[in-house]
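Just below is one structure, and these are the notes that go with it.
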Amino acid sequence: MKKLFFFLTFFVFASVNAQRLFNVSEQNQPDVKLFVVDDPNQADLNVHEVRSADKAKNNDGIWFFTKNIDQAEKKVCFVKEENQADLKIHFVSNQNEAGWINESKKSLLN
Numbered sequence: 000m001k002k003l004f005f006f007l008t009f010f011v012f013a014s015v016n017a018q019r020l021f022n023v024s025e026q027n028q029p030d031v032k033l034f035v036v037d038d039p040n041q042a043d044l045n046v047h048e049v050r051s052a053d054k055a056k057n058n059d060g061i062w063f064f065t066k067n068i069d070q071a072e073k074k075v076c077f078v079k080e081e082n083q084a085d086l087k088i089h090f091v092s093n094q095n096e097a098g099w100i101n102e103s104k105k106s107l108l109n
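Structure below.
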């Protein structure tokens with residue numbers, strides 16, 4: 000029974016996609032470099048930020064920024080120039096508007 004519990008626990012945590020993020024200040028530290036665009040049509044991903052980590056479990060644009068790097072699944076850095084970014088994002092106020100526009104970039108947060 001212990002083995003089954005361990006396996007199921009591992010499977011659940013291994014299947015969680017990276018939506019708990021930590022914002023690093025140095026550009027050489029992040030897993031993904033982000034650029035915020037004003038126009039949602041220019042974004043790869045529409046992002047809605049939530050205040051609770053349990054609401055940000057899938058790779059669907061619902062993000063939670065942790066205060067502790069050890070709790071994050073990905074380290075991100077916001078860059079000032081679009082050509083420095085791996086991913087262009089647009090923040091949305093409604094959770095239903097969050098989601099991928101450019102599916103080819105989705106693997107950056109897996």
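For the sequence shown, numbering that gives the first Met the number 0 assigns the number 0 to the initial residue and increments by one for each residue that follows. No residue lacks a Cβ here, since even glycine has one placed at the ideal position from N, Cα and C.
When the Cα atoms are used, what is the spatial distance from residue i to residue j?
i: N93; j: A55; result: 14 Å
i: D30; j: N45; result: 19 Å
i: L86; j: D43; result: 6 Å
i: N95; j: I88; result: 15 Å
i: K105; j: W99; result: 7 Å
i: V23; j: Q83; result: 15 Å
i: E25; j: P39; result: 26 Å
Please report the Cβ distance between residue i and residue j, rounded to the nearest whole angstrom; I am assuming they are in contact, meaning their Cβ atoms lie under 8 Å.
i: V91; j: L20; result: Actually they are not in contact, since the Cβ atoms of V91 and L20 sit about 16 Å apart, beyond 8 Å.
i: Q18; j: N57; result: 7 Å
Go to residue i, then tell me how far its beta strand (DSSP E) extends in each direction, as first and last residue.
i: L108; result: Per DSSP, L108 belongs to no beta strand (DSSP E) and is neither H nor E.
i: K87; result: 86–90
i: I61; result: 61–64
i: E96; result: It is not in any beta strand (DSSP E) - E96 carries neither H nor E in the DSSP assignment.
Could you check if residue i is buried or exposed, using at least 16 other CB atoms within 10 Å of its CB as the buried criterion?
i: E72; result: buried
i: D53; result: exposed
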